[in-house]
Amino acid sequence: MTDTHRNPIPTVDIIIEIDDGSVAPGKKIVLIKRKNPPYGWAMPGGFVDYGETLEEAAVREAREETSLAITLTRQFHTYSDPARDPRRHTISTVFIAMASGILAAADDATEARAFSINNLPESMAFDHAAILRDYRDDRY
């Protein structure tokens, strides 16, 4: 008899704080518009590669999707609801980071923009709206 194990997939998501230099100065949150399903706006992030730390994955995913160099400031929370990703059961460790560089969508993002934490888009992917509510409640 073969004993098979099914385990959740580790992922990372990054809350990137940025001052975009707009007329309303202050920190904003970088979101990407997803090119692939599930569609909607999301925090940059993705799957952790084999042999990669969570921190390395966060820096890589941020660069791939936003073209930004980030500095992780702290680990925020871990989210593990089996229904958080409609494709499969994932466990996401969320990091908070500061960014430098020019924001530009890349990889599997069709658009990248900075949003006020109090004026986020309605069409959010995964459980990212709930994560950003937790972040807002924790930080503001």
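Read left to right, the sequence shown gives residues -10 to 129 (the working numbering). Don't be surprised by glycine CBs; every beta carbon is placed ideally from N, CA and C. Remember, it's a predicted structure, so these values are computed and weren't measured experimentally.
Spatial neighbours of R23 within its chain, please: CB distance less than 8 Å, with the 5 preceding and 5 following residues excluded, ordered by chain position.
If you ignore the 5 residues before and after R23, its C-beta comes within less than 8 Å of the C-beta of G29, W30, A31, D97, A98, T99, A114, all in its own chain and listed in chain order.
Excluding the 5 residues flanking R73 on each side, which residues of the same chain have their C-beta closer than 8 Å to its C-beta?
The residues are T79, S81, F115, D116.
Could you check the C-alpha separation between L61 and R122 for me, to the nearest Å?
The straight-line gap from Cα to Cα measures roughly 20 Å.
Taking its Cβ as the centre, do 16 or more other Cβ atoms sit within 10 Å of G90, making it buried, or is it exposed?
Classification for G90: exposed.
Bridge partner(s) assigned by DSSP for T82:
For T82, DSSP records a beta bridge to V1, T67.
In this structure, what does DSSP give as the bridge partners for I106?
According to the DSSP secondary-structure assignment, I106 is paired through a beta bridge with no residue.
I3 versus R76 - alpha carbon distance:
Separation of I3 and R76 (C-alpha to C-alpha, rounded to the nearest whole angstrom) is 20 Å.
Round the Cβ separation of E50 and P33 to the nearest angstrom and send it over; I've been treating them as touching at under 8 Å.
Contact between E50 and P33 holds, with the beta-carbon distance rounding to 6 Å and staying under 8 Å.
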